[in-house]
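A.B. asks:
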Amino acid sequence: MRGYINIPASINCKACKYCGARPIISLAEKGEYIIKCPNNDTHYQTIPGLIDIEDWNLHNVPAVTIGFDHVTTIAC
Ligand SMILES: [Zn+2]
């Protein structure tokens with residue numbers, strides 16, 4: 123354990139969109155926190171600060187869920 127905190131199962135957080143791993147909370151400098159993929163540092167990680175699971179979730183939404191409902195192109 124090097125300052126890693128497992129996220130409790132009761133917290134609703136998405137898996138890493140690249141490899142499907144459940145994220146961990148890593149302690150950064152100055153007592154700040156990063157939510158990151160436990161497998162690879164190049165996968166998405168939040169900027170150091172407060173524990174921001176919302177930001178993690180926003181960046182790990184699988185692209186396949188994007189449909190055509192929000193197309194705003196207007197034909198003329
Ligand atoms: Zn990953």
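Going from the sequence shown to my numbering is simple: count from 1 and add 122.
Positions of the beta carbon are idealized from the N, C-alpha and C atoms, including for glycine.
1) For H181, verify whether its CB is less than 7 angstroms away from any heavy atom of ligand 1.
2) Just list the residues that DSSP pairs I127 with in beta bridges.
3) Can you look up K100 in the DSSP assignment and give me helix, strand or coil?
4) Taking the alpha helix (DSSP H) that I175 belongs to, which residues open and close that run?
5) Roughly how many angstroms separate the alpha carbons of H181 and Y166, rounded to a whole number?
C.D. replies: The relevant details are as follows:
1) No; taking the cut-off as 7 angstroms, the Cβ of H181 has no heavy atom of ligand 1 nearer than that.
2) Checking the DSSP bridge columns, you'll see I127 partnered with I147.
3) Outside the shown range of the chain, which is 123 to 198, sits residue 100, and nothing can be said about it.
4) In the DSSP assignment, I175 falls within the alpha helix (DSSP H) that extends over 175–181.
5) Straight across, the Cα-Cα distance linking H181 with Y166 is about 7 angstroms.
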